[in-house]
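K.L.:
Throughout, my numbering is defined as the position within the sequence shown, counted from one, plus 12.
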Amino acid sequence: MTASAEEPKRTPLAGRHLELGARMIEFAGFWMPVQYSGVLAEHRAVRTAAGLFDLCHMGELRFEGPDAAENLQQLTTNDVFRLEPGKGQYTLLCNERGGVVDDCLLYRLGPRDYLLVVNAANTDKVREWARARLRGRVTLRDESSETALIAVQGPRSQTIVGRALEQDFSDLPSFWARTVHAHGAAILVSRTGYTGEDGFELYLDAEAAANLWDRLLQVGQADGLVPAGLGARDTLRLEARLPLYGNELTEEISPLEAGLGFAVKFDKGDFVGREALLAQQERGAARRLIGFEMLERGVPRHGYPIVHQGREVGWVTSGSFSPTLEKEIGMGYVPAALALEAGAEIAVDIRGRLRRARVVEGRFLPRP
């Protein structure tokens, strides 16, 4: 049986989604909820109150041993040596050409203990890619199948997570994590997310996931918490101008082209892809990622051509209707030589019709 013909995996929360009437789709080899009440309602709930997300499809790779830090310093673009126990960082894995193998979150759990959280579709690839490059006293264990990940995102998330776990998280800074014990489970609580809002991501044993999900929904009702699916997660991350692997990031696109240079630390020493990225930085990237808002009706979809002054110059990577801005927005790659600044007019070829758009710098929404 081929991989494409295999039955999609089910997360530990699949039964809960069906009980809640979710519409399920196959995503990265898993049955996942794309929506419950509807993408617009779920999106707006996250912006105004809070949303509850099943992220159990994500991959968790554990690196342990005296040489764990040195190996991760070689594998990733960010500076692992800056991490204190409990601290996390956004980082990337690159190939020798400087293309992105995956974008990840890396946590230092202890002196010689690290957790790398990878995109679901890339878990197997990253595991084998990393394993082939490990040297010295370090072990890599794939804990994806035994680990659940639940996210609570939105302005009411701190109140909800605190009440559910009977803890105070007001002193937990962004990109920090700590382990708490609640309701018979050890839970790694991280102040991170993928929505542009304040939020928390909770890692725990898969067997305890359903109980935590129920607890969060129960205590969060008074604060407007709703279950939210992949549809809302995508529109939320797009409004925050966060990249999606397979769209803004691929093995043919570099972090510098994607505007992720902040996560590439050339001064830390050698890492996979450094030479290619350094050469690209010195000569200048050939293309760059832009954000834009549509001036005429039409949804810019992945792969649609971007046109400037009558000439096709690039392509759309992501696009959707923005429930917050109530207009269509998107991202895409264009030649860096065009030097398109904020306010510059472009067009998107939407099924053979050119629709006007305007370049937007930075996030589409202000930071909360």
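All C-beta atoms in this analysis are idealised placements derived from N, C-alpha and C, irrespective of residue type, glycine included.
(1) Return the CA-CA distance between residue 24 and residue 139, expressed in angstroms with no decimal places.
(2) Look at residue 187 and residue 204 and say whether their C-beta atoms are less than 9 Å apart.
(3) What residues in its chain sit with their C-beta under 7 Å from that of residue 222, if we drop five residues either side in the sequence?
(4) Rounded to whole angstroms, what's the CA-CA distance from residue 134 to residue 143? Just pull it up for me.
(5) Locate the alpha helix (DSSP H) running through residue 233, then write down its first and last residues.
(6) Quick one: what's got a C-beta closer than 6 Å to residue 121's C-beta in the same chain, skipping five residues either side?
(7) Considering only DSSP beta bridges, list what residue 309 is partnered with.
(8) So, at 7 Å on beta carbons, what are the nonlocal neighbours of residue 13 in its own chain, with the 5 sequence-adjacent residues on each side left out?
(9) Starting from residue 159 and walking both ways along the beta strand (DSSP E), at which residues does that stretch end?
(10) Beta-carbon within less than 8 Å of residue 245's beta-carbon, same chain only, minus the 5 sequence neighbours each way: which residues are those?
(11) Note down the Cα distance separating residue 57 from residue 304, rounded to an integer number of angstroms.
(12) Are residue 72 and residue 130 close, meaning C-beta to C-beta below 9 Å?
(13) Grab me the residues of residue 125's own chain with a C-beta within less than 6 Å of its C-beta, minus the 5 sequence neighbours each way, in chain order.
(14) Rounding to the nearest angstrom, what Cα-Cα distance links residue 49 and residue 141 in this structure?
P.N.:
Walking through what the data contain:
(1) The residue labelled residue 24 in the question sits at position 12 within the sequence shown. The residue labelled residue 139 in the question sits at position 127 within the sequence shown. Taking the Cα positions, residue 24 is about 22 Å away from residue 139.
(2) Numbered from its first residue, the sequence shown carries residue 187 at position 175. Numbered from its first residue, the sequence shown carries residue 204 at position 192. If you check the CB distance, residue 187 and residue 204 come in under 9 Å.
(3) Translated into the one-based positions of the sequence shown, residue 222 becomes position 210. Result list for residue 222: 24, 25 and 28, in chain order.
(4) For the purposes of this step, residue 134 is taken as residue 122 along the sequence shown, with counting starting at 1. For the purposes of this step, residue 143 is taken as residue 131 along the sequence shown, with counting starting at 1. Roughly 14 Å between the two C-alpha positions.
(5) The count along the sequence shown starts at 1 and reaches residue 233 at position 221. Segment: none, residue 233 is in no alpha helix (DSSP H) and carries neither H nor E.
(6) For this step, residue 121 is matched to residue 109 along the sequence shown. Here the set comprises 127.
(7) For the purposes of this step, residue 309 is identified with residue 297 of the sequence shown, where counting begins at 1. Answer by DSSP bridge pairing: none, since residue 309 is not bridged.
(8) In the sequence shown, the residue the question calls residue 13 occupies position 1. Since pLDDT at residue 13 reaches only 32, below the 50 mark, its modelled position is unreliable, and the value read off the structure follows with that caveat. Here the set comprises nothing.
(9) Residue numbering aside, residue 159 sits at position 147 when the sequence shown is read from its first letter. DSSP places residue 159 in the uninterrupted beta strand (DSSP E) bounded by 159 to 165.
(10) In the sequence shown, the residue the question calls residue 245 occupies position 233. Closer than 8 Å at the Cβ level, and outside the excluded window around residue 245, lie 65, 206 and 207.
(11) Within the sequence shown, numbered from 1, the residue matching residue 57 stands at position 45. Within the sequence shown, numbered from 1, the residue matching residue 304 stands at position 292. If I take the Cα positions, the gap works out to 24 Å.
(12) Taking the first residue of the sequence shown as position 1, residue 72 is located at position 60. Taking the first residue of the sequence shown as position 1, residue 130 is located at position 118. Taking 9 Å as the Cβ cut-off, residue 72 and residue 130 qualify as a contacting pair.
(13) Taking the sequence shown and counting its residues from 1, one reaches residue 125 at position 113. The beta carbon of residue 125 is closer than 6 Å to those of 76 in its chain, skipping five residues each way along the sequence.
(14) Translated into positions along the sequence shown, residue 49 becomes position 37. Translated into positions along the sequence shown, residue 141 becomes position 129. Taking the straight line from one Cα to the other gives about 39 Å.
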